[in-house]
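Q:
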């Protein structure tokens, strides 16, 4: 029976409908006004719900040492007995070694390979997925907490093993490399299960289609596992050799940390696997979306089809992805520190995980593309999702960038050779490194461009506007032809609005003395600043919705323009308050929101529908035209083209 996700508390129901009154809510609970009622009302995907159980009956078993001192299931109930492994080169227990070794009954030289398995009752070879928990009280065992995913995925024809790493939980630090390595040692055991002559998995495991999932520290560890899988030696001690080479096709990171293990002092690259990461806005443990950094490091260069997706769920926390951990991200007394009233209900949070994890694994391990549109745009499955807000980010291996803003300090140059960038009538045009909500000490490891505009003329009648500000990306003459741009291609970009409302422009006549200054898009220092604060104050309660137009132009000057809002909501930051005390919240975090840019994908055929004479093979310009609201500010990143196949479109009317 599908668990209900509709029994949200009365207080949060009021807030989900956009009311700030929140009658009956204690204290200063603040949430962003929800647009879920309109954004999620649309459902265009013609496919069954991947969060519903499949056709298989589900069987369960345990594998492990058979001698576990504290875990009866891994002592008395194992169906498959495994050998221990020596992890002493990857884990240091420090001063706690004696106490921990006495409690567990073994040292890091004899780490067990324990796991609980959910698997389909049927013939055939089934894709294998391992999931690993993160750090938690080592006596409050974490591995049973993914039972909801085990039941669902096994019913849909996957084998899911939740692996036991509780013995490296607790006060250990810098152990995430061990978590990744242990995942690969589990895969070695599974190779033996599959290749054995008897046993429940003999000949039944599809070792050519493997997925790995991790939560919290485990979410960082799956990236390490994907990297170690390709290496010959352990980066921190080359005397430890690796011999893995598994067919890992899919990696899922749930609310991951990042950078707790830095081999050779660098963050771990993730290459040539499809990657899914998701995070909750009200995470009281990993309070910034650190997984964006790992997402940014995922690269594709093997010529195969891969994609990566990042999903941000408003009002989700850290622990409710695991049924053992629950809502208390800071331990049993979390209610004294964390404002738990903001949280979405646990069943709803896990419902989101069921839908997206199942769809991701169906696409990557079984090649079923029916659910691919949900990673591009969450709105296409509106009535499958809990009523809250989401941000989705997406790239596939066909993406070719025009401008990522990573390559140099020249704001007029793009990423592809010959691409030029030009701003006109912008009050702000600058490239900058993005930060997580914790501030500059927590960078996203990503550069973007910040663009602000106000089309009103200062000192004039309020109805007087100048021509709309623009940001233009000019293509080399032969690029569209070389890249084969046509109606099967798509324009992609990342964008998010800010809360800033810049002041009006300087009147054109005031600039007559500055004819020699050719810096594009720049105003005289201070232009509009006198009125900016006043305008921000006046419009603080009623800022207009942000929207921009996207325009293409070909070499003959034919243009076509579409509103960006057609392809997804353009939100300002979603206010997030995790702590009960506002003063502590504001001192701990640089921002009360996370800067998570939304992906927008526009089929080039949408532009030719508007202007049939537009020659896609001779495109010369991609332009943002700030003509839909008089003022605003956006952060823009990763403008380019991709060749998304038909499977990525939920409908063919522009994929809208």
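In my numbering, the protein residues as written are 744 to 1399. Glycine included, C-beta positions come from ideal geometry on N, C-alpha and C.
1) What residues in its chain sit with their C-beta under 6 angstroms from that of residue 904, if we drop five residues either side in the sequence?
2) For residue 1120, collect the residues of the same chain with a Cβ closer than 7 angstroms to its Cβ; drop the 5 residues on either side in sequence, then sort them by chain order.
3) Between the alpha carbons of residue 815 and residue 956, how many angstroms are there, rounded?
4) Measuring CA to CA, which of 1154, 1241, 1248, 1122 is closest to residue 780?
5) For residue 908, which of 895, 1053, 896, 882 has the nearest alpha-carbon?
6) Does the segment 1033-1042 come close enough to the segment 781-798 to have 3 or more Cβ pairs within less than 8 angstroms?
7) Name the residue from 847, 902, 868 whose alpha carbon lies nearest to the alpha carbon of residue 913.
8) By DSSP, does residue 895 sit in helix, in strand, or in coil?
9) Assign residue 1197 to one of three DSSP states: helix, strand, or coil.
10) Hey, is the segment 913-925 in contact with the segment 816-827, meaning 3+ C-beta pairs nearer than 8 angstroms?
11) Give the DSSP-derived three-state secondary structure of residue 1103 in the structure shown.
12) Exposed or buried, residue 1160, counting other C-beta atoms within 10 Å across all chains shown (16 or more means buried)?
13) Name the one or two DSSP bridge partners that residue 956 has.
14) Taking the Cβ atom as the reference point for each residue, do residue 953 and residue 910 lie within a distance shorter than 8 angstroms?
15) Within 10 angstroms of its Cβ, does residue 888 collect 16 or more other Cβ (buried), or is it exposed?
16) For residue 1211, which residues of its own chain have a beta-carbon under 6 angstroms away from its beta-carbon, when the five flanking residues on both sides are left out?
17) Residues in its own chain within less than 6 angstroms of residue 785 by CB, not counting five upstream and five downstream?
18) Please identify the residue among 931, 1316, 1386 whose C-alpha is closest to the C-alpha of residue 1345.
19) Return the chain-ordered list of same chain residues with a C-beta closer than 6 angstroms to the C-beta of residue 1213, the five sequence neighbours on each side being excluded.
20) Taking only runs of the beta strand (DSSP E) that begin and end inside the segment 1112-1163, which ones reach a length of at least 3 residues, in chain order?
21) To the nearest angstrom, report how far apart residue 760 and residue 999 are at their CA atoms.
22) Check for me: the alpha helix (DSSP H) holding residue 1353 runs from which residue to which?
23) Quick check on the DSSP output: the alpha helix (DSSP H) that includes residue 1059 runs from which residue to which?
24) Smallest Cα separation from residue 1289: which of 1196, 1187, 1231, 973?
25) Could you check what DSSP says for residue 827 in three-state terms: helix, strand or coil?
26) Just how far apart, CA to CA, sit residue 1076 and residue 1067?
27) Mind the definition here: the segment 1333-1351 touches the segment 1018-1033 only if three or more C-beta pairs lie below 8 angstroms; say whether that holds.
28) According to DSSP, is residue 1004 helix, strand or coil?
29) Which of the three DSSP states, helix, strand or coil, is assigned to residue 1221?
30) Between residue 985 and the rest of its own chain, which residues show a CB-CB distance below 7 angstroms, the 5 nearest in sequence each way excluded?
31) Between the Cα of residue 1364 and those of 1046, 1015, 1302, 1379, spot the shortest distance and give me the residue it belongs to.
32) Would you mind giving the Cβ-Cβ distance between residue 1233 and residue 1315, rounded to the nearest angstrom? I have them listed as a contact below 8 angstroms.
33) Only counting the same chain, and skipping five residues up and downstream in sequence, which positions put a Cβ closer than 7 angstroms to that of residue 1008?
34) So residue 969 and residue 991 are supposed to be a Cβ contact under 8 angstroms. How far apart are they, rounded?
35) Just to check my reading of the structure: residue 1174 and residue 1148 have Cβ atoms closer than 8 angstroms, yes? What is that Cβ distance to the nearest angstrom?
36) Compute the beta-carbon to beta-carbon distance between residue 1244 and residue 1286, rounded to the nearest angstrom, for a pair I have assumed lies under 8 angstroms.
A: So, from the listed chains and residues:
1) Once the five neighbours on either side are set aside, the close Cβ partners of residue 904 are 858, 860, 873.
2) Cβ contact annotation for residue 1120 (same chain, cutoff 7 angstroms, sequence separation greater than five): 1135, 1311, in chain order.
3) Roughly 25 angstroms separates the two Cα atoms.
4) Out of 1154, 1241, 1248, 1122, 1122 has the C-alpha closest to the C-alpha of residue 780.
5) Residue 882 holds the alpha-carbon nearest to the alpha-carbon of residue 908 among 895, 1053, 896, 882.
6) Touching, no, given that fewer than three Cβ pairs across the two stretches are closer than 8 angstroms.
7) Measuring from the Cα of residue 913, the nearest candidate turns out to be 847.
8) Three-state result, residue 895: helix.
9) Residue 1197 falls in the strand class under three-state DSSP.
10) Verdict: no, contact absent.
11) For residue 1103, the three-state secondary structure derived from DSSP is helix.
12) With fewer than 16 other Cβ atoms within 10 Å, it is exposed.
13) Answer by DSSP bridge pairing, in chain order: 874, 995.
14) Contact: no.
15) Counting C-beta atoms within 10 angstroms of its own C-beta, residue 888 has 16 or more neighbours from the protein chains shown and is therefore classed as buried.
16) 1198, 1368, 1369, 1370.
17) Result list for residue 785: 1122, 1125, in chain order.
18) Ranking 931, 1316, 1386 by Cα distance to residue 1345 puts 1386 first.
19) Correct list, in chain order: 1167, 1366, 1368.
20) Fully enclosed beta strand (DSSP E) runs of 3 or longer: 1133-1139, 1143-1146.
21) The predicted position of residue 760 is uncertain, since its pLDDT is 40 and thus under 50; no value can be drawn from it.
22) Residue 1353 -> alpha helix (DSSP H) spans 1347-1353.
23) For residue 1059, there is no enclosing alpha helix (DSSP H), since its DSSP letter is neither H nor E.
24) Nearest option by C-alpha distance: 1196.
25) Correct three-state label for residue 827: coil.
26) Using only the alpha carbons, I get a separation of about 16 angstroms.
27) Yes, the segment 1333-1351 is in contact with the segment 1018-1033.
28) Residue 1004 falls in the coil class under three-state DSSP.
29) Residue 1221: coil per DSSP, three-state reduction.
30) Hits under 7 angstroms: 971, 974, 975, 976, 977.
31) The shortest C-alpha to C-alpha distance from residue 1364 to any of 1046, 1015, 1302, 1379 is the one to 1302.
32) With a Cβ gap of about 26 angstroms, residue 1233 and residue 1315 do not count as contacting.
33) Answer for residue 1008: no residue qualifies.
34) That belief holds up - the Cβ atoms of residue 969 and residue 991 are roughly 6 angstroms apart, short of 8 angstroms.
35) About 5 angstroms separates the Cβ atoms of residue 1174 and residue 1148, confirming a contact at the 8 angstroms cut-off.
36) So it is a contact: roughly 6 angstroms between Cβ atoms.
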